Amino acid sequence: MAQITFITRDNETTTVEGKSGSVMELAKDHNIKGIDGDCGGVCSCATCHVHVALEYFEKTGEASEIETDMLELDDNVTEYSRLSCQIEISEGIDGIVLHVANE
Amino acid sequence: MPENLTQGKVCVVVGASHAGVNFAFALRKEGWEGEIILFDRDPALPYHRPPLSKTYLSGEGETELPPLKSAESYQEAEISLRLGVNVIEINRDQHTVTLSDGNKQPYDKLVLATGARPFIPPIKGIDTAHYLYPLRTVEDVNNIRMALAEGKGKSVVIIGGGYIGLETAASLKKLGSNVKVLELEERILARVTAPVMSQFFYDLHQKNGVEILTGKTASSIETEDEVNTVVCADGSRHPADVIVVGCGIRVNQELAEQAGLEIENGIRVDSSARSSDEDIYAIGDCTFHHNPHYDCFVRLESVQNAVDQAKVAAKSVVAAAIATSTNIEKDVIYDTIPWFWSDQYDVKLQMVGLSTGYNQTVVRKEESDNNKFSVWYFKDNDLLAVDAVNNAKAYVLGTKFIKGGQKIDKAKLGDPSVDFKPANLLVS
Numbered sequence: 001m002a003q004i005t006f007i008t009r010d011n012e013t014t015t016v017e018g019k020s021g022s023v024m025e026l027a028k029d030h031n032i033k034g035i036d037g038d039c040g041g042v043c044s045c046a047t048c049h050v051h052v053a054l055e056y057f058e059k060t061g062e063a064s065e066i067e068t069d070m071l072e073l074d075d076n077v078t079e080y081s082r083l084s085c086q087i088e089i090s091e092g093i094d095g096i097v098l099h100v101a102n103e
Numbered sequence: 001m002p003e004n005l006t007q008g009k010v011c012v013v014v015g016a017s018h019a020g021v022n023f024a025f026a027l028r029k030e031g032w033e034g035e036i037i038l039f040d041r042d043p044a045l046p047y048h049r050p051p052l053s054k055t056y057l058s059g060e061g062e063t064e065l066p067p068l069k070s071a072e073s074y075q076e077a078e079i080s081l082r083l084g085v086n087v088i089e090i091n092r093d094q095h096t097v098t099l100s101d102g103n104k105q106p107y108d109k110l111v112l113a114t115g116a117r118p119f120i121p122p123i124k125g126i127d128t129a130h131y132l133y134p135l136r137t138v139e140d141v142n143n144i145r146m147a148l149a150e151g152k153g154k155s156v157v158i159i160g161g162g163y164i165g166l167e168t169a170a171s172l173k174k175l176g177s178n179v180k181v182l183e184l185e186e187r188i189l190a191r192v193t194a195p196v197m198s199q200f201f202y203d204l205h206q207k208n209g210v211e212i213l214t215g216k217t218a219s220s221i222e223t224e225d226e227v228n229t230v231v232c233a234d235g236s237r238h239p240a241d242v243i244v245v246g247c248g249i250r251v252n253q254e255l256a257e258q259a260g261l262e263i264e265n266g267i268r269v270d271s272s273a274r275s276s277d278e279d280i281y282a283i284g285d286c287t288f289h290h291n292p293h294y295d296c297f298v299r300l301e302s303v304q305n306a307v308d309q310a311k312v313a314a315k316s317v318v319a320a321a322i323a324t325s326t327n328i329e330k331d332v333i334y335d336t337i338p339w340f341w342s343d344q345y346d347v348k349l350q351m352v353g354l355s356t357g358y359n360q361t362v363v364r365k366e367e368s369d370n371n372k373f374s375v376w377y378f379k380d381n382d383l384l385a386v387d388a389v390n391n392a393k394a395y396v397l398g399t400k401f402i403k404g405g406q407k408i409d410k411a412k413l414g415d416p417s418v419d420f421k422p423a424n425l426l427v428s
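Line by line, the protein sequences are chains G and D. For the first sequence, position 36 (counting from the first letter as 1) is numbered 36 according to the numbering used here, and the numbering increases by one without interruption. For the second sequence, position 390 (counting from the first letter as 1) is numbered 390 according to the numbering used here, and the numbering increases by one without interruption.
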């Protein structure tokens, strides 16, 4: 079980709990604004882009090579950018805070 | 936005798959305050279709088909989801649709997201074949899995070597079936990719033990004691416990046609997804629409088109609903670069753009990896499309270059020793 907090571009904060699956799926289940997941979570678009709050970056880890490449499709990429469809929910990411990159 | 102009109005959506569902939620997001009613004849909670031929069939990762939206989401957004209901007629004058139970549902705005159905070719004997399935719905995949569970995986014949056929072949191979693909044309993926791509995928499947036979026209299916034999025009005979048909689709345009809407290779719509009736829109697989970048009309079978066209239609419906004589409706234009993907075995194919009309290709093979390359389709000096195999960088750069309309140094592009960066590849 992991508690994950999303902060949207409108500064709306939502904390949700997830057991398994990807962070993108969790966000979609809770209608988090700005996370679309158009490709269904197979790393083939960049519509689930999040910025990991830097104090939690160790928990999520950095983007993989394919993620980094795909993220180039988006404009506001930082070193803390991740594609949330590639972040698996586990106890290890309990408590993380994610800023949704897009509106 | 003047609130009371959409309150009390009804928007009816026919078809709850990628286009219909995304439209309904986008409509709410755009500020529609009236009713949203979403019909689909499939009783299953709307789900993602791409995994059907991939991980859902092979059983990897997903044991349950991921829903497009949770059931609660529809309630929260006050979208009335009416599953297992068929819409059988549109009455444009009355502004109603007739349901299969005889009831009539009035609408102010109607959106057709009826999609497409698998094309079952008129092969002699196909009606009496056993364990023959198309692959479009979750029911199809469940039937295939059941047949395999009954021990019918010893010989699977897939008729059609397009993306569905090939993905299904890869997934069934993973399940331990003996798989053979029969493709009509001289090479697989003939209509959508260059020969180098056809060759790559042919080799990939053969390497994985899937037999691909091209130039095969299935002319009849003989069935005796529940065992099928697919017979081809060249006389070859292919025994098949299970047959999967992946021969393309037919657009579900009958509802629109019967209502007198303009039909041309699908439901013809304008740039705002509006049909020839100002209160009826169409989105997704069923539409024939203009693509501004390529300046041509297209009918696309993709998730991207369904989702993006749905979003445009939502903006367009709200704009039309709140337009008054003093507040002129702003035109919403659907303008995107199409993109697609296909996953087979451990190969990720990502495609951007439309390659129709290409007269030159540049193949870039990455030095680090044989399985990593990209094909760039040009018409003279214009980059039309890119097919990227295990190469997200090529896909992303291709997307940027196509969007930007930039000119590319083809020699450097094809030279893997040149670092894969825009600065190195663009002609200044």
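Cβ coordinates follow ideal geometry from the N, Cα and C atoms, glycine included. Quantities reported herein were computed from a predicted structural model and do not represent experimental measurements.
The beta carbon of residue 66 of chain G falls within 8 Å of a beta carbon belonging to chain D, placing the residue at that interface. With a threshold of 8 Å between beta carbons, residue 350 of chain D makes contact with chain G. Contact residues of the region 46-65 of chain D toward chain G are 48, 50 and 51 (C-beta to C-beta distance below 7 Å). Not a single CB atom of chain G sits nearer than 8 Å to the CB of residue 21 of chain D. For residue 30 of chain D, the closest of G:28, G:29 and G:33 by C-alpha to C-alpha distance is G:33. With its beta carbon at least 8 Å from every one in chain D, residue 90 of chain G lies outside the interface. Residues of chain G with a Cβ closer than 7 Å to the Cβ of residue 392 of chain D are, in chain order, 66, 69 and 70.
Apart from sequence neighbours up to five positions away, the residues of its chain that approach residue 305 of chain D with a beta-carbon distance below 7 Å are 284 and 338, ordered along the chain. Interface annotation, residue 73 of chain D: in contact with chain G, CB-CB separation under 8 Å. Under the three-pair Cβ rule at 8 Å, the region 86-97 of chain G does not count as touching the region 91-98 of chain D. The three-state secondary structure of residue 270 of chain D, taken from DSSP, is coil. Taking the C-beta atoms as reference points, residue 23 of chain D is found no nearer than 8 Å to residue 116 of chain D. Residue pairing for residue 53 of chain D: DSSP places it in no beta bridge. Check the Cα spacing between residue 294 of chain D and each of D:323, D:259, D:352 and D:316: the tightest is with D:352. The beta carbons of residue 171 of chain D and residue 57 of chain D sit about 4 Å from each other, so the pair counts as a contact at 8 Å.
From the beta-carbon of residue 304 of chain D, the residues of chain G found nearer than 9 Å are 38, 39 and 45.
Short of 7 Å from the beta carbon of residue 247 of chain D, and not among the five residues preceding or following it, lie these beta carbons of its own chain, in chain order: 119, 121, 159 and 160. Residue 173 of chain D is not a Cβ neighbour of residue 181 of chain D, given a cutoff of 8 Å. In the DSSP assignment, residue 214 of chain D falls outside any beta strand (DSSP E), carrying neither H nor E. Looking at the backbone, the Cα of residue 42 of chain D and that of residue 354 of chain D are separated by about 31 Å. At a C-beta separation below 9 Å, residue 42 of chain G has these neighbours in chain D: 50, 51, 54, 55, 341, 343 and 348. In this structure, DSSP gives residue 96 of chain D an extended state, which the three-state scheme calls strand. Residue 296 of chain D and residue 229 of chain D have their alpha carbons spaced roughly 42 Å apart. Uninterrupted alpha helix (DSSP H) stretches at least 4 residues long and entirely within the region 87-138 of chain D do not occur.
With a contact defined as Cβ atoms closer than 8 Å, residue 314 of chain D and residue 38 of chain D miss out at about 13 Å. Taking residue 332 of chain D as reference, the option from D:217, D:311 and D:136 with the minimal CA-CA separation is D:311.
Looking at the DSSP output, residue 45 of chain G bridges to nothing. Put simply, the region 61-74 of chain G does not touch the region 357-366 of chain D. Fewer than three CB pairs are less than 8 Å apart. Think of a sphere of 7 Å around the beta carbon of residue 193 of chain D: no beta carbon from chain G falls inside it, the nearest being about 17 Å out. Around residue 69 of chain D, the same chain offers 21, 25 and 46 as residues with beta carbons nearer than 8 Å, after the five sequence neighbours per side are excluded. Within chain G, the residues placing a beta-carbon under 7 Å from that of residue 399 of chain D are 73, ordered along the chain.
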